[in-house]
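Accompanying notes for the structure given below.
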Amino acid sequence: VRLKVRVPGNLCKEIYDETLLDFSKKVKVKGFRPGKVPEWVLLSQIGQKRVESEAVKLILEKTLPEAMASVAGRALKDSEEIVTKFDSLLAAFTPTSPLSYHVAVDVIPDVEWTSKDAYKHMVLEVEGRDDIGVQNAADAELASRHKDLGSLRVVTGRGLEMNDVVIIDISAARINSDGTIGDKILSCTQKGFSLDTEESTSYIPGLVQNMMDQKGGETRTFDLVFPPDWNQEHLRNIKARFTVECKEVFLRVVPDLNDEIAEKLVEGCKTLEQVKQALLKKHQLIEENNRKNAARGAVLEKLSKIAKIQVPKSLLEEQGRQIYAAKLMELHIKQRFDKKQMEPLTSEEMVNNFIRVKHDEISATVRQSIAVAEVFRLEKLQYTRDELEAEVKSAIDEFKIYNQEYDEKKVREQAQEMLEGAKVLDWLLEQADIRYVTTK
Numbered sequence: 001v002r003l004k005v006r007v008p009g010n011l012c013k014e015i016y017d018e019t020l021l022d023f024s025k026k027v028k029v030k031g032f033r034p035g036k037v038p039e040w041v042l043l044s045q046i047g048q049k050r051v052e053s054e055a056v057k058l059i060l061e062k063t064l065p066e067a068m069a070s071v072a073g074r075a076l077k078d079s080e081e082i083v084t085k086f087d088s089l090l091a092a093f094t095p096t097s098p099l100s101y102h103v104a105v106d107v108i109p110d111v112e113w114t115s116k117d118a119y120k121h122m123v124l125e126v127e128g129r130d131d132i133g134v135q136n137a138a139d140a141e142l143a144s145r146h147k148d149l150g151s152l153r154v155v156t157g158r159g160l161e162m163n164d165v166v167i168i169d170i171s172a173a174r175i176n177s178d179g180t181i182g183d184k185i186l187s188c189t190q191k192g193f194s195l196d197t198e199e200s201t202s203y204i205p206g207l208v209q210n211m212m213d214q215k216g217g218e219t220r221t222f223d224l225v226f227p228p229d230w231n232q233e234h235l236r237n238i239k240a241r242f243t244v245e246c247k248e249v250f251l252r253v254v255p256d257l258n259d260e261i262a263e264k265l266v267e268g269c270k271t272l273e274q275v276k277q278a279l280l281k282k283h284q285l286i287e288e289n290n291r292k293n294a295a296r297g298a299v300l301e302k303l304s305k306i307a308k309i310q311v312p313k314s315l316l317e318e319q320g321r322q323i324y325a326a327k328l329m330e331l332h333i334k335q336r337f338d339k340k341q342m343e344p345l346t347s348e349e350m351v352n353n354f355i356r357v358k359h360d361e362i363s364a365t366v367r368q369s370i371a372v373a374e375v376f377r378l379e380k381l382q383y384t385r386d387e388l389e390a391e392v393k394s395a396i397d398e399f400k401i402y403n404q405e406y407d408e409k410k411v412r413e414q415a416q417e418m419l420e421g422a423k424v425l426d427w428l429l430e431q432a433d434i435r436y437v438t439t440k
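Following this line, the structure appears as structure tokens:
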């Protein structure tokens, strides 16, 4: 919102006189005691403009808090900005005349729902694995653990077969539209690469199939096309020529899958059946957690869509800075960067660039936060003091572990927001109609 502040002439005169008195106490003028310097002498010493400039600054300092009182409870912290240029105020200032200026301030935005009580009746579809999918995941882990217990033996007298492991030198180059060979594809160039044929679906389609029966020392060249869903976007649908030199082929020999290796497969298990049940239980818990997280994500995504909110600039920037700071801390922890290495990443330019690039994502996060706070207020949800103190302590302990500076007041504010979010999410999940659909 934009506020117009009008300072009456008598207050301007009072503050101007206060400014003069302050100068007269500070400025040493020969022949006069501090605080007793006549105005005309003082002005000749320091200049009219300097006095007026300090007077205008003091006027703004004294009147801004009163102006902000009109939006108390709605104004966002530290979002106020005097939009009238200081030079314009200085030019318009005379000690006995009123002075007006404008202030822009962000206020807590109103939340307009797409329909009345829309947040109470959300219908959500959440993807998840059915019992068969969970069982397949458990079986796949059992097969992987069983394979890890095996050993590799050099193959002689035959070429590559499925279930073998092969060491290769591989390279690839683009095929141009005219059929000529183009640039090398560096991400597909590697020497001494260990390829497990059991994991053929992890590689570009056709790679393993073209290597079948290939023997040690043999080199093959063949053309393949990267699929449209390839993880590297710049390679999607690109035709490439691959060159593969087979260095050595290995046969994997695994022990029989029975009770004798149960303890090696899963610690504490005595039989193969216990192993299977332990892995099944593990994947059932994983699926349960995945569904909960997916449902929470779906609720938040839906919430941001059914809440019409004009995101204030100050909130966008604050949220962006918090997200960026969290990413820096994650980088510091994972990469073990020291302060000197982190310094270039903390520049104002880097932060502003992050906010600009991630503008839409940050806006969606802010809308979610505002909508969550609104639901918390409307439904009169609460958290206990003990819950808050525990959350604050946990956050501070984490800062201390990684020797990070922190502002306890901000930590408390963030802890309150997290608890509000948790309470709202739990409440919304209870109200929502969640339909689970099986993933392919």
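In terms of our numbering, the sequence shown opens at residue 1 and continues consecutively.
The beta carbon of each residue, even a glycine, is placed where N, CA and C say it ideally should be.
Contact belief for residue i with residue j at Cβ below 8 Å, rounded distance in angstroms
i: Ile-163; j: Glu-198; result: One point to set straight first is that residue 163 is Asn, not Ile, in the sequence displayed. That pair is a contact at about 6 Å.
i: Met-366; j: Val-311; result: This sequence places Val at residue 366; Met is not what is there. Val-366 to Val-311, Cβ: 5 Å. Contact.
i: Met-329; j: Gln-404; result: 6 Å
i: Val-56; j: Leu-21; result: Actually they are not in contact, since the Cβ atoms of Val-56 and Leu-21 sit about 16 Å apart, beyond 8 Å.
i: Val-249; j: Thr-219; result: So it is not a contact: roughly 14 Å between Cβ atoms.
i: Phe-226; j: Leu-235; result: 4 Å
i: Gln-45; j: Val-27; result: 6 Å
Proximity below 7 Å, CB of residue i to CB of residue j
i: Val-5; j: Tyr-101; result: yes
i: Ala-298; j: Val-111; result: no
i: Arg-74; j: Val-107; result: yes
i: Asn-231; j: Phe-222; result: no
i: Ile-442; j: Ile-370; result: There is no way to answer for residue 442, as the model of the chain reaches only from 1 to 440.
i: Ala-278; j: Lys-270; result: no
i: Val-126; j: Ile-434; result: yes
i: Ser-79; j: Ser-394; result: no
i: Gly-204; j: Leu-224; result: Inspection of the sequence shows that residue 204 is occupied by Ile rather than by Gly. Cβ atoms of Ile-204 and Leu-224: closer than 7 Å.
i: Val-392; j: Ala-415; result: yes
i: Leu-429; j: Gln-368; result: no
i: Ala-67; j: Leu-11; result: no
i: Asp-130; j: Thr-438; result: yes
i: Gly-128; j: Arg-377; result: no
i: Lys-264; j: Leu-152; result: no
i: Ala-172; j: Ala-240; result: yes
Opening and closing residue of the alpha helix (DSSP H) in which residue i lies
i: Cys-246; result: Here Cys-246 belongs to no alpha helix (DSSP H); instead the beta strand (DSSP E) covers 239 to 253.
i: Thr-221; result: That residue, Thr-221, is in no alpha helix (DSSP H); its beta strand (DSSP E) goes 219 to 225.
i: Asp-443; result: With the chain covering 1 to 440 only, the question about residue 443 has no answer from this structure.
i: His-359; result: 359 to 378
i: Ser-394; result: 385 to 401
i: Ile-181; result: Run containing Ile-181: none in the alpha helix (DSSP H); it sits in the beta strand (DSSP E), 181 to 184.
i: Thr-19; result: 9 to 26
i: Ile-261; result: Careful: Ile-261 lies outside any alpha helix (DSSP H) and carries neither H nor E.
i: Leu-42; result: 39 to 46
i: Val-154; result: First-last for Val-154: 151 to 154, but that is the beta strand (DSSP E), not the alpha helix (DSSP H).
i: Val-275; result: 272 to 306
i: Asp-87; result: 86 to 92
i: Val-480; result: No answer is possible for residue 480: it lies beyond the span of the chain, which begins at 1 and ends at 440.
i: Glu-141; result: 131 to 148
i: Gln-341; result: 339 to 342
Cβ shell of residue i (< 8 Å), same chain only, five flanking positions each side left out
i: Lys-147; result: Glu-198, Arg-252 and Val-254
i: Asn-258; result: Leu-272
i: Ile-362; result: Leu-316, Gln-319, Gly-320, Ile-323 and Ile-355
i: Asp-183; result: Ala-173 and Arg-174
i: Leu-381; result: Val-375, Glu-420, Lys-423, Val-424 and Trp-427
Same chain, Cβ closer than 7 Å to residue i, neighbours up to 5 away in sequence not counted
i: Ser-200; result: Val-208
i: Ser-53; result: Leu-90
i: Ala-373; result: Glu-420
Close Cβ partners of residue i (< 6 Å) along its chain, the five nearest in sequence each way excluded
i: Pro-8; result: Pro-98
i: Arg-412; result: Val-392
i: Arg-296; result: Leu-425
The beta strand (DSSP E) enclosing residue i, as first and last residue numbers
i: Asp-169; result: 165 to 175
i: Leu-99; result: 99 to 104
i: Gly-192; result: 190 to 196
i: Leu-124; result: 123 to 128
i: Ile-204; result: No beta strand (DSSP E) holds Ile-204; DSSP gives it neither H nor E.
Residue i at chain C interface by Cβ criterion, 7 Å
i: Leu-186; result: The structure shown contains no chain C; it holds only a single protein chain.
**Asked** Is the stretch 354 to 362 close to the stretch 315 to 332, with three or more CB pairs under 8 Å?
**Response** yes
**Asked** If we count Cβ pairs, one from each stretch, closer than 8 Å, do we get three or more for the stretch 208 to 215 versus the stretch 122 to 141?
**Response** No contact exists between the stretch 208 to 215 and the stretch 122 to 141.
**Prompt:** Using 8 Å as the threshold, is the stretch 187 to 198 in touch with the stretch 166 to 173, meaning 3 or more CB pairs across them?
**Reply:** Verdict: yes, contact present.
**Request:** Taking 8 Å as the threshold, find out whether the stretch 116 to 123 comes into contact with the stretch 12 to 20 through three or more Cβ pairs.
**Result:** no
**Request:** Determine contact between the stretch 279 to 289 and the stretch 413 to 424, defined as no fewer than three beta-carbon pairs at a distance below 8 Å.
**Result:** Contact fails: fewer than three Cβ-Cβ distances are below 8 Å.
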